[in-house]
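**Q** Protein chains in written order, with the working numbering: chain B, 1 to 225; chain P, 1001 to 1225.
Protein chains: 2
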Amino acid sequence: MAEEPVESTQVDTKFVDTQHTDTQQKIFDAALKVFSCKGHDGARMQEIADLAGINRALLHYYFRTKRQLYEAVFAHLFEQYMRSFRAVMDPEQPFAKSLRDFVDHYVDYVRDHMDMARLVMHENLSGGTLMGEHLARAFATHGSPQQRFEEAIVRATERGEIQPLDPKQTIMTVISACALFLITAPTVKLTNPAAGMDFDAFIEARKDHVFNVIYHGMETRGGEA
Amino acid sequence: MAEEPVESTQVDTKFVDTQHTDTQQKIFDAALKVFSCKGHDGARMQEIADLAGINRALLHYYFRTKRQLYEAVFAHLFEQYMRSFRAVMDPEQPFAKSLRDFVDHYVDYVRDHMDMARLVMHENLSGGTLMGEHLARAFATHGSPQQRFEEAIVRATERGEIQPLDPKQTIMTVISACALFLITAPTVKLTNPAAGMDFDAFIEARKDHVFNVIYHGMETRGGEA
DNA sequence: CTACAGTTTAACAATTCGGTTAAACAGGAG
DNA sequence: CTCCTGTTTAACCGAATTGTTAAACTGTAG
């Protein structure tokens, strides 16, 4: 019987490794798509196998159990997400730029990773501890993506650029305004028979809208400067 | 065999009706709780029966299939939701009041109907057409809850109270800012080890924050009036 | 050629779950 | 008392799913 291939990628013969990671990647992609659409419970291993172009036996050969596969996919996405936010955000730049960058990056990321966003929401609704654990660990090691943004908010407040508001509230507002629309977009489309509308354009407009409303809602107003 | 009890409540002998609606209510409550936590696929009829204090046979006696029960619960919640929004919102009152009312009502409603909110999000993620159909029908008959708010936005813009922004974007921003926090609250709690924080107080603060940021973000600014 | 990891096929076990059924029971209505 | 409806109990079916296993096949590495 072959040894557990998931953890041990020490065997780096070029061929094996490539073949290995190739299939694993196909599985990841398929699993993500299925899990994100139907959630852990709604997903079927058979469907994942089909989508990956392999058979169920091989699926279990790579990931012994459904749960294991689910968690692997989740962890992978999460890591990817955390990494994407690590770069940007300098607390000393003008708040307008920090906010704009954060909004742009957030909207773009969610738009380009809808599967991930849906999966996260599924996990969140299911009330499992999976996300909690990952979040806690990630925050402890790299610091949270929002942390940089929070610093920027605090600094901007100290500089008198924006009003003294609870940063937690601000972050929640920004993230909500950016994310919820995209997550609910499929349903919104169903409702809104405005079929002709350009979705991409609406997203770009959304960035502007969120930035403008929130920025001007937070900046120190004339009389108080 | 008893006739289908779900649709036909014509038999209004006091006793029977009471007994009937009593059990049905227990089932509704139990089903809502289970469905909202685990989604349609994750929910188990046995668990619903247990929570309702009855047995599976009786559950199927009232609702023939799981799907039927699910849709009944969904429709019931939806109707209730639409009704709750029908009253308020006068387009001619100051926009500050319209916005404040909408935010307050929305936050309160979602807070007091978390199960419903979670269920809606589940349904949304699952990409079913259920919500789309209900929404479309409701919009056609009573007009949407947001419609009143949208009118208020349009009128306020005409009066020059607020800047000319796309009302769709504004509504999306307001609803997002109100709802997402509550839906993700369980997870946020897991992450944030600030166990001491008063959740109710945070919610009240959230209303203020959302209102303030959005209102001041939208009002016509000094130079342009 | 041999070994071996990856892969397929096909069948299997075990469980779970949704749904049905029949029989019996309970208690108010008439 | 008798009828009827709601309710329970218990057993059952059938379908779907997860997970396992054994055997055979494939192509590269050595």
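In this text, a Cβ means the ideal position worked out from N, Cα and C, and glycines have one as well.
1) Just checking: is the beta-carbon of M1082 (chain P) within a distance shorter than 9 Å of some beta-carbon in chain B?
2) Is it buried or exposed for F1028 (chain P), if we count other Cβ within 10 angstroms and need 16 for buried?
3) Between D1041 (chain P) and L58 (chain B), what straight-line distance do the alpha-carbon atoms span, to the nearest angstrom?
4) Which first and last residues belong to the alpha helix (DSSP H) in which P186 (chain B) is found?
5) Shortest alpha-carbon distance to E161 (chain B) belongs to which of B:M172, B:K97, B:D101, B:A30?
6) Using a cut-off of 7 Å between C-beta atoms, extract the partners of Q169 (chain B) located in chain P.
7) Over the uninterrupted alpha helix (DSSP H) stretch that includes N212 (chain B), give me the two end residues.
8) Check I1153 (chain P) in the structure and name its three-state DSSP category.
9) Quick one: grab the DSSP three-state call for I162 (chain B).
10) Taking 9 Å as the threshold (C-beta atoms), are T1170 (chain P) and H209 (chain B) in contact?
11) Report all residues from its chain with a CB closer than 8 Å to the CB of E1151 (chain P); omit the five preceding and five following residues, and keep chain order.
12) Need the endpoints of the alpha helix (DSSP H) that Q68 (chain B) sits in, please.
13) Please identify the residue among P:A1205, P:H1076, P:A1052 whose C-alpha is closest to the C-alpha of V1034 (chain P).
14) Please determine, among P:P1145, P:F1181, P:V1154, the residue with the shortest C-alpha to C-alpha distance to F1078 (chain P).
15) Whole angstroms are fine: how far does the CA of G132 (chain B) sit from the CA of K1026 (chain P)?
16) Is E7 (chain B) helix, strand or coil by DSSP?
17) From P:P1167, P:Q1163, P:K1207, pick the residue whose C-alpha is nearest to that of R1148 (chain P); which is it?
18) Between the C-alpha atoms of E71 (chain B) and A1156 (chain P), what's the straight-line distance to the nearest angstrom?
19) Taking only beta-carbon atoms, is K26 (chain B) less than 9 Å away from chain P?
20) I'd like the span of the alpha helix (DSSP H) that includes D1050 (chain P), first residue to last.
21) Check this for me: beta carbons of C178 (chain B) and V107 (chain B), under 9 Å apart or not?
22) In the structure shown, what three-state DSSP assignment does D221 (chain B) receive?
23) How many whole angstroms separate the CB atoms of T173 (chain B) and I214 (chain B), which I take to be in contact at a CB cut-off of 8 Å?
24) So which of B:G222, B:S176, B:V120 has the shortest CA-CA distance to R206 (chain B)?
25) Nearest-angstrom Cα distance between E123 (chain B) and G222 (chain B)?
26) When the distance is taken between beta carbons, is S1126 (chain P) closer than 9 Å to G1217 (chain P)?
27) Where do the N-terminal and C-terminal ends of the alpha helix (DSSP H) with D1101 (chain P) fall, by residue?
**A** Judging by the given coordinates:
1) no
2) buried
3) 25 Å
4) 167-191
5) B:K97
6) A1205, R1206, H1209
7) 199-218
8) helix
9) strand
10) yes
11) M1089, P1091
12) 66-84
13) P:A1052
14) P:P1145
15) 32 Å
16) Any reading at E7 (chain B) is ruled out, since the residue's pLDDT is 36, under 50, leaving its predicted position unreliable.
17) P:P1167
18) 49 Å
19) no
20) 1045-1052
21) yes
22) Here residue 221 (chain B) turns out to be Arg, not Asp, going by the sequence shown. Of the three classes helix, strand and coil, the one that applies to R221 (chain B) here is coil, per DSSP.
23) 6 Å
24) B:S176
25) 44 Å
26) no
27) 1095-1112
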